[in-house]
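> Numbers given in my numbering equal positions in the sequence shown, counted from 1, plus 292.
Dumping the structure here so I can ask a few things about it.
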Amino acid sequence: MKTAVVILNWNGKNLLEKFLPSVVSHSKKANIYVADNASTDDSVDFLKENFPEITILQNNENGGYAKGYNDALSHLEEEILILLNSDVEVTSNWLAPIVDCFEKQPNTAAVQPKILDYKNKEYFEYAGAAGGFIDQLGYPFCRGRIFDTVEKDEGQYNDEIEIFWASGACLAIRKKVFEEVGKLDEAYFAHQEEIDLCWRIRNFGYQIKYTPKSTVYHVGGATLKNTDARKTYYNFRNSLFNLVKNFAEKKWWVFVAIRLVLDGVAGIHFLIQLKPKHTWAIVSAHFSFWRNLRKMLKKRKGLPKKKIKLPIFSVVYHYYVQDKKTYAELFRV
């Protein structure tokens, strides 16, 4: 199958210099593209000089992850699109198992590899780990990572399984499905747009898979660090967007209301930790959510809904009250 590896770049010369060589070396059977989000550094000149074999897709503005990829991917014709962060190191056999999933499983629309931490390669990485899931209040978690608890990779998640969402750090998707479900939602700008995309994929009746046969190493936080309040803002706001747009429950608004209360508790927790910027980020996220609610409700009406069983009501309760810190403890596997 014709495959495109697409790396989104914004002022990331240092990351391209460090990680692009591994992509070029280990992706011989794919076409490699760099989608540039109107960078103001010399990253484009660096690419032209050092990687002339790579096609540069020049975007007119920095529209974030969602618009950046939507604009760039519209020019491509490959059957499989792999959205790869610029801070990811790939391995020698990372590509073949992903393509193999698509070739052998026609209903599989998206695939995620095992994502380990570049800085500590024996451990899973926060953004994706061994595949993503979500609770009924919209909180995401992963096999290998729940909130701040990250597990060591000891082969406990070496089974290929269906997952709820695949990480945007390394997200492989069929182009026809990407277009069918409406691409990435540009209202998100950054963070959790891949969860929204995957939820829509599930609602359209397709599957999403995790394959442990492919491994990549992700730095994480290269664009927005965990200490950046903007990350808190986008995560809290966009998680609410996800619930409104995609949750099939008739009384979805009850779950949103509970989530709003828990967000308030999180805001108080940040205050206690002397992180007022993060508290204000949550407040700002809620203001933005209410401002955009009508738009999200309109999108909800235009999207199919599928009754998908979300086995955990509140991962917050299990984690903080019942002290269940790993996926295995949540599901007793």
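Glycine included, every Cβ here is placed at the ideal spot set by N, Cα and C.
Just so you know, these numbers come straight off a predicted model, no measurement behind them.
What does the alpha-carbon distance come out to for the pair Asp-379 and Leu-307?
Residue numbering aside, residue 379 sits at position 87 when the sequence shown is read from its first letter. Residue numbering aside, residue 307 sits at position 15 when the sequence shown is read from its first letter. Taking the straight line joining both Cα atoms gives about 6 Å.
> For Leu-308, which three-state DSSP category applies?
Position 16 of the sequence shown, counted from the start, is the residue given in the question as residue 308. Reduced to three states, the DSSP call for Leu-308 is helix.
> Using three-state DSSP, classify Ser-506 as helix, strand or coil.
Sequence index remark: in the sequence shown, residue 506 carries index 214 (1-based). Ser-506 falls in the strand class under three-state DSSP.
> Quick one, which of Gln-428, Phe-623 and Glu-454 has its alpha-carbon nearest Pro-405's?
Here residue 405 is taken as the residue at index 113 of the sequence shown, counted from 1. Comparing Cα-Cα distances from Pro-405 to each of Gln-428, Phe-623 and Glu-454, the minimum goes to Glu-454.
> Is Lys-413 helix, strand or coil when you go by DSSP?
Numbered from 1 along the sequence shown, position 121 holds the residue referred to as residue 413. Three-state result, Lys-413: strand.
> Which residues in the same chain have their Cβ closer than 8 Å to the Cβ of Glu-485, if we skip the five residues on either side of it in sequence?
Sequence index remark: in the sequence shown, residue 485 carries index 193 (1-based). Once the five neighbours on either side are set aside, the close Cβ partners of Glu-485 are Tyr-357, Ala-358, Gly-460, Leu-476, Asp-477 and Asn-530.
> Can you give the Cα-Cα distance for Thr-503 and Asn-362, rounded to whole angstroms?
The sequence position of residue 503 within the sequence shown is 211, counting from 1. The sequence position of residue 362 within the sequence shown is 70, counting from 1. Roughly 25 Å separates the two Cα atoms.
> Ignore the nearest five residues each way along the sequence and tell me which others in Phe-311's own chain have a CB closer than 7 Å to its CB.
Taking the first residue of the sequence shown as 1, we reach residue 311 at position 19. Taken in chain order, the residues that qualify are Ser-378, Asp-379, Val-380 and Glu-381.
> Nearest to Val-316 by alpha carbon, out of Ser-366, Asn-385 and Phe-623?
Here residue 316 refers to the residue found at position 24 of the sequence shown. Comparing Cα positions, the closest option is Asn-385.
> Output the distance between the C-alpha atoms of Ile-465 and Gly-355, rounded to the nearest integer angstrom.
Here residue 465 corresponds to residue number 173 of the sequence shown, with the count starting at 1. Here residue 355 corresponds to residue number 63 of the sequence shown, with the count starting at 1. Ile-465 and Gly-355: Cα-Cα distance of roughly 21 Å.
> Excluding the 5 residues preceding and the 5 following Val-608 in the sequence, name in chain order all residues of the same chain whose CB lies nearer than 7 Å to its CB.
Here residue 608 refers to the residue found at position 316 when the sequence shown is read from its first residue. So the list reads Tyr-431 and Leu-554, once near-sequence residues are dropped.
> Find the nearest neighbour of Ile-374 within the set Lys-413, Val-336, Gly-556 and Lys-467, judged by alpha-carbon distance.
Taking the first residue of the sequence shown as 1, we reach residue 374 at position 82. Checked all of Lys-413, Val-336, Gly-556 and Lys-467; the closest Cα to Ile-374 is Lys-467.
> What does DSSP give as the partner residues of Ile-438 in its beta bridges?
Residue 438 sits at position 146 when you count from the first residue of the sequence shown. Its beta-bridge partners are Thr-441.
> Check whether the stretch 412-420 and the stretch 530-544 are in contact - that is, three or more C-beta pairs closer than 8 Å.
Contact fails: fewer than three Cβ-Cβ distances are below 8 Å.
> Taking Ala-521 as part of the alpha helix (DSSP H), name the residues at either end of that continuous run.
Residue numbering aside, residue 521 sits at position 229 when the sequence shown is read from its first letter. 521-538 is the extent of the alpha helix (DSSP H) around Ala-521.
> Rounded to the nearest angstrom, how far is the Cβ of Met-293 from that of Ile-372, given a contact under 8 Å?
By one-based count along the sequence shown, residue 293 stands at place 1. By one-based count along the sequence shown, residue 372 stands at place 80. Between Ile-372 and Met-293 the Cβ distance is about 5 Å, and since that is below 8 Å, they are a contact.
> Please determine, among Gly-512, Leu-595, Ala-573 and Leu-622, the residue with the shortest C-alpha to C-alpha distance to Leu-376.
As a working note, residue 376 is residue 84 in the sequence shown. Checking every option, the nearest Cα to that of Leu-376 belongs to Gly-512.
> Secondary structure at Tyr-357, three-state DSSP: helix, strand or coil?
Position 65 of the sequence shown, counted from the start, is the residue given in the question as residue 357. Note: Tyr-357 maps to helix in three-state DSSP.
> Apart from the five residues on each side of it in sequence, which residues of its chain come closer than 7 Å, Cβ to Cβ, to Ala-330?
Taking the sequence shown and counting its residues from 1, the one referred to as residue 330 is at position 38. The residues are Asn-351, Asn-352, Glu-353 and Asn-354.
> Could you give the residue range of the alpha helix (DSSP H) that holds Ala-549?
Looking up residue 549 in the sequence shown gives position 257. Note, Ala-549: alpha helix (DSSP H), 544-564.
> Since Gln-428 and Phe-547 are thought to touch, with beta carbons under 8 Å apart, how far apart are those beta carbons, to the nearest angstrom?
To locate residue 428, count along the sequence shown from 1; it is residue 136. To locate residue 547, count along the sequence shown from 1; it is residue 255. That pair is a contact at about 6 Å.
> Can you tell me which residues form a DSSP beta bridge with Arg-583?
Along the sequence shown, one-based indexing puts residue 583 at 291. Arg-583 pairs with nothing; no bridge assigned.
> Taking the Cβ atom as the reference point for each residue, do Ala-421 and Ile-500 lie within a distance shorter than 7 Å?
Working through the sequence shown from its first residue, we reach residue 421 at position 129. Working through the sequence shown from its first residue, we reach residue 500 at position 208. No. Outside cutoff.
> Taking the DSSP output, what are the residues bridged to Asp-328?
Numbered from 1 along the sequence shown, position 36 holds the residue referred to as residue 328. According to DSSP, Asp-328 bridges with Asn-301 and Gln-350.
> Quick one: what's got a C-beta closer than 7 Å to Asn-450's C-beta in the same chain, skipping five residues either side?
The residue you call residue 450 lines up with position 158 of the sequence shown. For Asn-450, where only same-chain residues beyond five positions count, the Cβ hits under 7 Å are Pro-504.
> What does a CB cutoff of less than 7 Å around His-610 pick up in its chain, not counting 5 residues either side in sequence?
As a first step, residue 610 must be located in the sequence shown, where it is residue number 318. So the list reads Ile-604, Lys-616 and Leu-622, once near-sequence residues are dropped.
> Looking at Thr-441: is its Cβ nearer than 7 Å to the Cβ of Glu-370?
The count along the sequence shown starts at 1 and reaches residue 441 at position 149. The count along the sequence shown starts at 1 and reaches residue 370 at position 78. It is not a contact, given that the beta carbons lie outside the stated cut-off.
> Checking 7 Å against the spacing of the C-beta atoms, do Lys-587 and Asn-495 come in under that value?
Here residue 587 corresponds to residue number 295 of the sequence shown, with the count starting at 1. Here residue 495 corresponds to residue number 203 of the sequence shown, with the count starting at 1. Not in contact: Lys-587 and Asn-495 (Cβ atoms no closer than 7 Å).
> When you compare the CB positions of Tyr-325 and Leu-300, do they come within less than 7 Å of one another, or not?
On the sequence shown, position 33 is the one that residue 325 refers to. On the sequence shown, position 8 is the one that residue 300 refers to. Cβ atoms of Tyr-325 and Leu-300: not closer than 7 Å.
> Phe-528 and Ala-482 - do their beta-carbons sit closer together than 7 Å?
Taking the sequence shown and counting its residues from 1, one reaches residue 482 at position 190. Taking the sequence shown and counting its residues from 1, one reaches residue 528 at position 236. For Ala-482 and Phe-528, no; Cβs fall outside 7 Å.
> Can you tell me where the beta strand (DSSP E) with Ala-464 in it begins and where it stops?
Taking the sequence shown and counting its residues from 1, the one referred to as residue 464 is at position 172. Where Ala-464 is concerned, the enclosing beta strand (DSSP E) stretches over 462-466.
> Run through DSSP, which three-state label would Asn-362 get?
Translated into the one-based positions of the sequence shown, residue 362 becomes position 70. In the structure shown, Asn-362 sits in a helix (DSSP, three-state: H, G or I).
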